[in-house]
Amino acid sequence: MTTRRSHINDLSLLSNNVIRKRKMNDAVNFVARTSVQRRKLEKKEQESEKQANHLNLFNNRQQPKKKRKSRTAFTNQQIFELEKRFLYQKYLSPADRDEIAAQLGLSNAQVITWFQNRRAKLKRDMEELKKDVQTVNPLLVAQHHKTFLENVQDLGILKKRPLPNSMDEKS
Numbered sequence: 001m002t003t004r005r006s007h008i009n010d011l012s013l014l015s016n017n018v019i020r021k022r023k024m025n026d027a028v029n030f031v032a033r034t035s036v037q038r039r040k041l042e043k044k045e046q047e048s049e050k051q052a053n054h055l056n057l058f059n060n061r062q063q064p065k066k067k068r069k070s071r072t073a074f075t076n077q078q079i080f081e082l083e084k085r086f087l088y089q090k091y092l093s094p095a096d097r098d099e100i101a102a103q104l105g106l107s108n109a110q111v112i113t114w115f116q117n118r119r120a121k122l123k124r125d126m127e128e129l130k131k132d133v134q135t136v137n138p139l140l141v142a143q144h145h146k147t148f149l150e151n152v153q154d155l156g157i158l159k160k161r162p163l164p165n166s167m168d169e170k171s
């Protein structure tokens, strides 16, 4: 009976060893499979990057890292209040900015951006107006000068007047 028990113990040890070996082989095979799959996946990714780089030769714009916030559409009332304030105050103090933002339901950043954009627009408008004045001004001066000369000639101011007779008599 002891031989039978030892035989049973031997069989159980053998089966435990077989089970351990199978588990070890399964683990090794799993790691090997995953590493092979990982290499295949890496290779596919590299190929797709090459294709993407090839396609991007003509499109050098980088993709934005974070999505930009959409454009804020101000209400007519908000624009009216901002414009009214801009008429007499081109630059806002932080306290004024907080006050306007709270009144209009806007963020500080929106108020800052609006005022920056409005100052830039004012500068563009002033430069355009200055160019317009410079192009129109010589025309006005020439027209005014011509009219002045015509008026002078019409009045006869530049015509020579005959000397009075009294001077001829004295000589």
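If you count the sequence shown from 1, position 28 lands on 28 in UniProt numbering, and the numbers rise without skipping. We treat Cβ as the ideally placed atom computed from N, Cα and C, and that holds for glycine.
Contact with chain B by residue i, beta-carbon distance below 8 Å
i, result
"Glu47", "Annotation note: the requested chain B is absent from the structure, which comprises a single protein chain."
Boundaries (first-last residue) of the alpha helix (DSSP H) holding residue i
i, result
"Gln77", "76–88"
"Arg68", "Careful: Arg68 lies outside any alpha helix (DSSP H) and carries neither H nor E."
"Arg104", "Position check: residue 104 holds Leu in this sequence, whereas Arg was assumed. Taken as a continuous stretch (DSSP letters only), the alpha helix (DSSP H) holding Leu104 covers 94–104."
Inter-residue Cα distance where the pair is residue i and residue j
i, j, result
"Val133", "Lys121", "18 Å"
"Ser107", "Thr75", "14 Å"
"Ile79", "Asn117", "13 Å"
"Ser171", "Val136", "Here the model assigns Ser171 a pLDDT of 48, short of 50, so the residue's position is not dependable, and the following value carries that caveat. Each residue's Cα considered, the two are about 55 Å apart."
"Glu83", "Lys131", "25 Å"
"Tyr91", "Trp114", "11 Å"
"Lys65", "Leu41", "25 Å"
"Gln46", "Gln37", "14 Å"
"Tyr88", "Val111", "16 Å"
"Leu104", "Gln77", "8 Å"
"Ser93", "Arg85", "12 Å"
"Phe81", "Pro138", "Before going further, note that residue 81 is Glu rather than Phe in the sequence given. The straight-line gap from Cα to Cα measures roughly 39 Å."
Item to check | Cβ contact (3+ pairs, closer than 8 Å) linking the region 64–80 and the region 43–50 | outcome: no
Next on the checklist: Quick check: the region 89–104 against the region 125–138, are at least 3 beta-carbon pairs closer than 8 Å?
Outcome noted: no
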